[in-house]
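Oh and the sequence shown: position 55 is 55 in the numbering used here, straight run, nothing missing. From the three backbone atoms N, C-alpha and C, an ideal C-beta is built for every residue, glycine too. Note that the structure is a prediction, hence the values are computed from the model and not measured.
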Amino acid sequence: MMKSFIEVDPKSHFPIQNLPYGVFRPLMMGGPRIGVAIGDYVLDLSVLDAEGYFDGTDVDGKGVFEQASLNEFMALGTKTWRDVRSRIQQLLHEDESILRDNYALRDIALIPQKNVKMLLPAQIGDYTDFYASKEHATNVGIMFRGKENALMPNWTHLPVGYHGRASSVVLSGTDVRRPQGQTKPANSNAPLFGPSCQLDLELEVGWFIGPGNERGKSIALENAEEQIFGLVLVNDWSARDIQSWEYQPLGPFLAKSFATSISPWVVPLEALEPFRIAGPDQEPEPLPYLRTNKPSSFDIHLEVNLQGEGMKNSKTISTSNFRYLYWSMAQQIAHHTVGGCNLRPGDLLASGTISGPEKEMRGSLLELTWRGTEPIEIENGEQRVWLEDGDQLTITGWCQGEGYRIGFGEVTGRVLPALKQSYTLSHI
Ligand code: CA
């Protein structure tokens, strides 16, 4: 098994097999730049580049790591990503002395993670959110429309999605304010205005687009994975009461646009290769542009943890797996572009809530509590139906290898109370 000269615990998310990319700023001094996570450290790629260690690759001399976003690096494509990754892996390898024995270089290139501030990994031009888990779509369909109409007729033929807001994608650690909006409770004849009473999370995985495509052209399914720069964890916060009143006929609007949280480390698709597996059988067979025999899913364990304000420990409320997604990332990309829509470097696509076949694998409170009718226990008799002010939500995930983990770190966020006065003030 490949090992680094840097000590990495077997349960660490960041062994030499992973090397996820992120944008960071050292707390002591200096501007934003790009690094990879290795054990408890960040390896500063802008330092390695300045020292000429990417000589012979496509990034050499371009300053792509001395940036506040990964967009330029994402635009360079798979060959460059592979070259850079293998160079970094070589430099961190236990048998390679170049960095291992150069303590002056190690001093400036390796920074403890606790001494950096992570930033959003990309300047996200567009954010698209899919609805690719059959279990999730079925559960939600039953609750909103009844058992007979659970899955809409199109669902098994195309990956349903909608264009989300890139402006409100925030980094892990950012507090999320409870949104306000219109709701129409069943016992009310007219809509009401106020803070959402049904605030929820959505356990999702997202991926960043590489070079992208020209407008008017599409990305064929067999080339779609070349467009995946890497994956992050996503919590797509949702206001269910706002959603159920506003969503027909055009889909969610304010219920989803107030915040989407992502994890800071972007795990390269290449790091997930050992965990590639077949996704669920697709029946009926999709149309030819969505058809493939290649195993296109990945075995990624996922967990959601909730910690209320007064709780000593967090409680795991859901354990799911990326493998349950019905539509693959490649199918979602192929479908997204088949009409001629152009994807650009740094665009974020997300899977939609990833629910599995068992009850504890449901990726939202909407499903876990069956639209509020079955509260879940969290600690000392405390229960949850929806998220409460002060709740801290943390999603984590990893692929479990033999003696190592390809981890995603975490995406976390705390619920702040709604700004109750804003509506009233505007009417004084
Ligand atoms: Ca979503």
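* If you count every other CB in all the chains shown that lies within 10 Å of the CB of proline 20, and 16 or more means buried, which is it? -> As a working note, residue 20 is residue 20 in the sequence shown. Its Cβ being crowded by 16 or more others within 10 Å, proline 20 is buried.
* Chain-order list of residues whose beta-carbon lies under 6 Å from that of proline 252 (same chain, five-residue window excluded) -> Within the sequence shown, the letter at position 252 stands for residue 252. Answer for proline 252: Gln243, listed in chain order.
* Asked: Does DSSP classify tryptophan 245 as helix, strand or coil?
  -> The residue you call residue 245 lines up with position 245 of the sequence shown. If DSSP states are grouped into helix, strand and coil, tryptophan 245 belongs with the helices.
* Asked: Going along the chain, which residues of its own chain have a beta-carbon closer than 8 Å to the beta-carbon of glycine 39, five neighbours each way excluded?
  -> Within the sequence shown, numbered from 1, the residue matching residue 39 stands at position 39. Within the same chain, glycine 39 has close Cβ partners Ser4, Ile6, Glu7, Val8, Asp9, Ser12, Phe14, Pro15.
* **Neighbourhood of tryptophan 155 by C-beta, 7 Å cutoff - its chain only, sequence neighbours within 5 removed** => The sequence position of residue 155 within the sequence shown is 155, counting from 1. The answer, listed in chain order, is Ala137.
* **Beta-carbon gap between threonine 353 and glutamate 246 smaller than 8 Å** => Along the sequence shown, one-based indexing puts residue 353 at 353. Along the sequence shown, one-based indexing puts residue 246 at 246. Not in contact: threonine 353 and glutamate 246 (Cβ atoms no closer than 8 Å).
* Beta bridge counterpart(s) of proline 274 as assigned by DSSP -> Along the sequence shown, read from residue 1 onward, the residue named residue 274 stands at position 274. Answer is none; proline 274 lacks a bridge partner.
* Whole beta strand (DSSP E) runs in the stretch 122-200 with 3 or more residues, listed along the chain? -> 127-130, 161-164, 169-171, 180-183, 192-195
* **Top-ranked residue by Cα proximity to lysine 134, from Phe275, Arg178, Thr316, Met361** => Here residue 134 is taken as the residue at index 134 of the sequence shown, counted from 1. Measuring from the Cα of lysine 134, the nearest candidate turns out to be Met361.
* Who pairs with glutamine 383 in a beta bridge, going by DSSP? -> Along the sequence shown, read from residue 1 onward, the residue named residue 383 stands at position 383. In DSSP, glutamine 383 forms a bridge with Glu377.
* Asked: Hey, would you say phenylalanine 408 sits closer than 8 Å to valine 267, going by beta carbons?
  -> Taking the sequence shown and counting its residues from 1, one reaches residue 408 at position 408. Taking the sequence shown and counting its residues from 1, one reaches residue 267 at position 267. In this structure, valine 267 lies closer than 8 Å to phenylalanine 408 by Cβ.
* Closer than 7 Å: is that where the CB of threonine 138 sits relative to any heavy atom of ligand 1? -> Within the sequence shown, the letter at position 138 stands for residue 138. No.
* Kindly indicate the opening and closing residues of the alpha helix (DSSP H) around histidine 93. => Within the sequence shown, numbered from 1, the residue matching residue 93 stands at position 93. Run containing histidine 93: none; DSSP gives neither H nor E here.
* Is lysine 147 near ligand 1, in the sense that its beta carbon is under 7 Å from a heavy atom of that ligand? -> For the purposes of this step, residue 147 is taken as residue 147 along the sequence shown, with counting starting at 1. Checking the Cβ of lysine 147 against ligand 1 gives no.
* Asked: Three or more beta-carbon pairs under 8 Å between the stretch 228-240 and the stretch 182-200, yes or no?
  -> yes
* Which first and last residues belong to the alpha helix (DSSP H) in which alanine 109 is found? -> In the sequence shown, counting from the first residue as 1, residue 109 sits at position 109. 103-109 is the span of the alpha helix (DSSP H), which, as asked, contains alanine 109.
* To do: Quick one: give me the first and last residue of the alpha helix (DSSP H) that glutamine 331 is part of.
  => Position 331 of the sequence shown, counted from the start, is the residue given in the question as residue 331. 329-337 is the extent of the alpha helix (DSSP H) around glutamine 331.
* Asked: Would you say aspartate 299 and isoleucine 333 are within 8 Å of each other, going by their C-beta atoms?
  -> To locate residue 299, count along the sequence shown from 1; it is residue 299. To locate residue 333, count along the sequence shown from 1; it is residue 333. No.
* Tell me whether the beta-carbon of serine 318 lies closer than 8 Å to the beta-carbon of asparagine 139. => As a first step, residue 318 is located in the sequence shown; it is residue number 318 there, counting from the start. As a first step, residue 139 is located in the sequence shown; it is residue number 139 there, counting from the start. Their beta carbons are not under 8 Å apart, which means serine 318 does not touch asparagine 139 by this criterion.
* Tell me, please, which residues DSSP counts as bridged to arginine 414. => One-based indexing of the sequence shown puts residue 414 at position 414. Gln392, per the DSSP bridge assignment.
* **Local conformation of alanine 259 per DSSP, three classes** => Indexing the sequence shown from 1 puts residue 259 at position 259. In this structure, alanine 259 counts as coil in the three-state DSSP scheme.
* **For glutamine 392 and arginine 414, believed in contact at Cβ under 8 Å, the rounded distance** => Numbered from 1 along the sequence shown, position 414 holds the residue referred to as residue 414. Numbered from 1 along the sequence shown, position 392 holds the residue referred to as residue 392. That belief holds up - the Cβ atoms of arginine 414 and glutamine 392 are roughly 5 Å apart, short of 8 Å.
* Asked: Cβ atoms of isoleucine 98 and proline 26: under 8 Å apart, would you say?
  -> On the sequence shown, position 26 is the one that residue 26 refers to. On the sequence shown, position 98 is the one that residue 98 refers to. No.
* For leucine 348, which option in Leu119, Gln123, Ser46 has the closest C-alpha, if you only look at C-alpha atoms? -> In the sequence shown, counting from the first residue as 1, residue 348 sits at position 348. Comparing Cα positions, the closest option is Gln123.
* **Neighbour-count burial assignment, isoleucine 428, 16 or more Cβ in a 10 Å radius** => In the sequence shown, residue 428 corresponds to position 428, counting from 1. In this prediction, isoleucine 428 scores a pLDDT of 39, lower than 50, which makes its location untrustworthy; no coordinate-derived value is stated.
* Asked: Does the Cβ of glutamate 309 have 16 or more other Cβ atoms within 10 Å, making it buried, or fewer, making it exposed?
  -> Walking along the sequence shown from the start, residue 309 turns up at place 309. Exposed is the call here.
* Is glutamate 367 helix, strand or coil by DSSP? -> Start at 1 with the first residue of the sequence shown, and residue 367 comes out as number 367. Reduced to three states, the DSSP call for glutamate 367 is helix.
* Asked: Between the stretch 164-183 and the stretch 248-265, do three or more beta carbon pairs fall short of 8 Å?
  -> yes
* Run the CB neighbour count on isoleucine 406, radius 10 Å, all protein chains shown included, and call it buried at 16 or more, exposed below. => Locating residue 406 in the sequence shown gives position 406, counting from the first residue. When all chains shown are included, isoleucine 406 counts as buried.
* Count the other C-beta atoms from every protein chain shown that fall within 10 angstroms of the C-beta of leucine 250, then say buried if there are 16 or more, exposed otherwise. => Working through the sequence shown from its first residue, we reach residue 250 at position 250. Flag for leucine 250 reads exposed.
* Grab me the residues of leucine 158's own chain with a C-beta within less than 7 Å of its C-beta, minus the 5 sequence neighbours each way, in chain order. => On the sequence shown, position 158 is the one that residue 158 refers to. Only His335 meet the Cβ criterion.
* Is aspartate 236 near ligand 1, in the sense that its beta carbon is under 7 Å from a heavy atom of that ligand? -> The residue labelled residue 236 in the question sits at position 236 within the sequence shown. Yes; taking the cut-off as 7 Å, the Cβ of aspartate 236 has a heavy atom of ligand 1 nearer than that.
* Candidates Pro191, Ser257, Gly346: closest to histidine 163 by CA position -> Position 163 of the sequence shown, counted from the first residue, corresponds to residue 163. If we check each option's Cα against that of histidine 163, Ser257 comes out closest.
* Should glycine 251 be listed as close to ligand 1, given that the test is whether its C-beta is under 7 Å from any heavy atom? -> Your numbering for residue 251 matches position 251 in the sequence shown. No, ligand 1 has no heavy atom inside 7 Å of this Cβ.
* Asked: So what's glutamine 307 in DSSP terms, helix, strand or just coil?
  -> Counting from one through the sequence shown, the residue named residue 307 turns up at place 307. Three-state DSSP puts glutamine 307 in a strand.
* Distance CB(valine 23)-CB(threonine 57) smaller than 8 Å -> Indexing the sequence shown from 1 puts residue 23 at position 23. Indexing the sequence shown from 1 puts residue 57 at position 57. Cβ distance not < 8 Å, so valine 23 and threonine 57 don't count as in contact.
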